[in-house]
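Each residue of the sequence shown is one higher than the last, beginning at 3 in this note's numbering.
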Amino acid sequence: MPTSTRVLDDKMFDSYLDITEASLSISKLSELRNWEIEKLLHCFNTYGFVIVQCVSLDNSIEDFLLLTEIFGNLTRHNRADERGIVPIRPMAGYSEYLGASNEPHFLHTDGPFEKNPPKVMALQCEVPDPIGGFSLLVSSKAIYKYLAEQDYNGLKLLFDPNIFSIKRDNQFHKRAIFNLKNNRVEMAFRDNDGKASVSVLPEASRAFNLIREFVNNPKNQIVFKLEKGQILITDNTSVLHGRTGFSINSTRKLNRLNFDGLSQYYSRLLFGFKT
């Protein structure tokens, strides 16, 4: 596995990135020091993600919820409990949700069914799977650059607000895949995965297939195992995330939160990417 650090540009990476560069070791979230917050913001703005290692290993749900102080209000989800936590583990009664299964979850951004998808996604690992359940990350900026080289006209079509249709359960939405906001480009994406049903207008089919080709190429993916005590935080507008499958009998358990980005640090959080 490559170990050299390679950040191709801000928010742009490939499989050669050494993820320790985007990692932060702390005691626990309830004891965050100012310099640790600065490192967290730096990683988020530079790579589009950060892996927080809570050394004490006893980071509670209450600690996890403290991320609202940095990343803003929790956004709603159909499977969230009363605290806003979305459990990521096999669960009966949620056949339309990959997060409640042991199946592979293709690379995607959270909330493309919504008019305003969450800005930030966070996953807290309580129990990792011993064999499977690897996390996958792909840079949206790298996707954009690839499309600009391979199908520039198709890329422009992906800014059309009606180009992409997505349906899951009782949710349906038409949207652009790329959106220009505050001079930065944000991405929303999901593929047909057995739970969600997606389509693009015929004229954009080549560009959409190029996205599929790019995100499924291991050279463009960061692959790692999220371990007990670790929290993965991503800019949901500039990084796609996914996971490999694992045994149906696995005790793997993660917790997910999504945020709107509207915190006291809003002016310092860089969402999306510069072209």
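Don't be surprised by glycine CBs; every beta carbon is placed ideally from N, CA and C.
Check                                                                                                                                                            : Outcome
Give the secondary structure of Pro-4 by DSSP, where H, G and I count as helix, E and B as strand, and everything else as coil.                                  : Because Pro-4 sits at a pLDDT of 37, beneath the cut-off of 50, its placement in the model cannot be relied upon, and the following sentence gives the value as read from the coordinates. DSSP places Pro-4 in coil when its eight states are reduced to three.
Taking Cβ positions, are Ile-63 and Ile-39 nearer each other than 8 Å?                                                                                           : no
In this structure, how does DSSP classify Leu-229 when only helix, strand and coil are distinguished?                                                            : One point to set straight first is that residue 229 is Glu, not Leu, in the sequence displayed. The answer is coil: DSSP assigns Glu-229 none of H, G, I, E or B.
Among the residues of its own chain, which have a CB less than 6 Å from the CB of Leu-256, if the five just before and after it don't count?                     : Ile-90, Leu-125, Cys-127
Rounded to the nearest angstrom, what separates Lys-227 and Phe-136 at their Cα positions?                                                                       : 5 Å
Note the first and the last residue of the continuous beta strand (DSSP E) segment covering Gln-55.                                                              : 51-56
If we count the other Cβ atoms within 10 Å of its Cβ and call it buried at 16 or more, is Leu-34 buried or exposed?                                              : buried
Is Leu-109 helix, strand or coil when you go by DSSP?                                                                                                            : strand
Between the segment 203-217 and the segment 138-155, can you find at least three pairs of beta-carbon atoms closer than 8 Å?                                     : yes
Kindly give me the distance between the Cβ atoms of Gln-223 and Leu-139, rounded to whole angstroms, as I take these residues to be in contact under 8 Å.        : 7 Å
What does a CB cutoff of less than 6 Å around Cys-45 pick up in its chain, not counting 5 residues either side in sequence?                                      : Ala-24, Val-52
Which whole-angstrom value describes the C-beta separation of Met-189 and Thr-111, a residue pair presumed to lie in contact below a C-beta threshold of 8 Å?    : 6 Å
Report back the beta-carbon spacing between Pro-120 and Gly-113 to the nearest angstrom; my notes put them in contact at under 8 Å.                              : 5 Å
Compute the beta-carbon to beta-carbon distance between Asn-75 and Asp-237, rounded to the nearest angstrom, for a pair I have assumed lies under 8 Å.           : Contact flag wrong, Cβ pair sits at about 16 Å.
What do you get for Pro-130, buried or exposed, if any count of 16 or more other CB atoms within 10 angstroms of its CB means buried?                            : buried
Can you name the start and end residues of the alpha helix (DSSP H) that Gln-152 belongs to?                                                                     : 142-152
Could you check the C-alpha separation between Ala-206 and Arg-177 for me, to the nearest Å?                                                                     : 13 Å
For Leu-159, which residues of its own chain have a beta-carbon under 8 Å away from its beta-carbon, when the five flanking residues on both sides are left out? : Ile-165, Leu-203, Glu-205, Ala-206, Ala-209
Note down the Cα distance separating Ile-179 from Leu-157, rounded to an integer number of angstroms.                                                            : 9 Å
Specify the secondary structure class of Thr-77 as computed by DSSP and reduced to three states.                                                                 : coil
By the three-class DSSP mapping on this structure, what secondary structure does Asn-238 have?                                                                   : coil
Just the Cα atoms here: how many angstroms apart are Ser-142 and Asp-16?                                                                                         : 11 Å
Taking Cβ to Cβ, would you say Ile-250 is nearer than 8 Å to Asn-104?                                                                                            : yes
Under DSSP, the alpha helix (DSSP H) around Asn-211 begins and ends at which residues?                                                                           : 207-217
Give the single residue among Gly-95, Tyr-49, Ser-29, Glu-98 whose Cα lies nearest to the Cα of Phe-66.                                                          : Ser-29
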